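**Q**
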Amino acid sequence: MNEKNNNYTRKCVVTHEILDVSELIRFDYKKDANIISLDINKTKNGRGCYLKNDPDLWSQFIKTKALNRAFRTNVNIEVYNNIYNELTEVLWKKS
């Protein structure tokens with residue numbers, strides 16, 4: 001009974017699938033500073049939401065304004081574009 005359960009699952013804001021956190025990308029929201037950022041290492045403090053690690057879901061992510069719904073705030077399109085650029089540089093490198 002002293003073993004720690006490391007099988008964390010979270011829900012994707014686009015597909016609404018419950019997946020292991022290793023299959024998801026985390027976005028962090030600091031309400032006091034009103035900053036939304038990409039959390040690649042999943043270690044930042046603050047409210048978070050998750051997206052399945054699939055580049056094909058990005059258009060649906062923007063269309064449904066998933067960050068707006070998850071964080072209950074208005075998010076500019078520039079924030080989505082900055083996060084997309086960061087994702088393409090770090091995770092979705094085109095070969």
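95 is the number that full-length UniProt numbering gives the last residue of the sequence shown; the numbers go up by one with no jumps. A virtual CB, placed ideally from N, CA and C, is assigned to each residue, including glycine. These figures come from a predicted structure and were not determined experimentally.
Taking 8 angstroms as the threshold (C-beta atoms), are residue 14 and residue 66 in contact?
**A** As a first step, residue 66 is located in the sequence shown; it is residue number 66 there, counting from the start. As a first step, residue 14 is located in the sequence shown; it is residue number 14 there, counting from the start. For residue 66 and residue 14, yes; Cβs fall inside 8 angstroms.
**Q** If you draw a straight line from the alpha carbon of residue 39 to that of residue 12, how long is it in whole angstroms?
**A** For the purposes of this step, residue 39 is taken as residue 39 along the sequence shown, with counting starting at 1. For the purposes of this step, residue 12 is taken as residue 12 along the sequence shown, with counting starting at 1. The straight-line gap from Cα to Cα measures roughly 15 angstroms.
**Q** Pull up the CB-CB distance for residue 90 and residue 36, whole angstroms please, since I reckon it's below 8 angstroms.
**A** Counting from one through the sequence shown, the residue named residue 90 turns up at place 90. Counting from one through the sequence shown, the residue named residue 36 turns up at place 36. 16 angstroms between Cβ atoms; not a contact.
**Q** What separation, rounded to the nearest whole angstrom, lies between the Cα atoms of residue 24 and residue 48?
**A** Indexing the sequence shown from 1 puts residue 24 at position 24. Indexing the sequence shown from 1 puts residue 48 at position 48. In this model, residue 24 and residue 48 are separated by some 12 angstroms (Cα to Cα).
**Q** Taking only beta-carbon positions, decide if residue 81 is within less than 8 angstroms of chain C.
**A** Within the model displayed, chain C is absent; a lone protein chain is all it includes.
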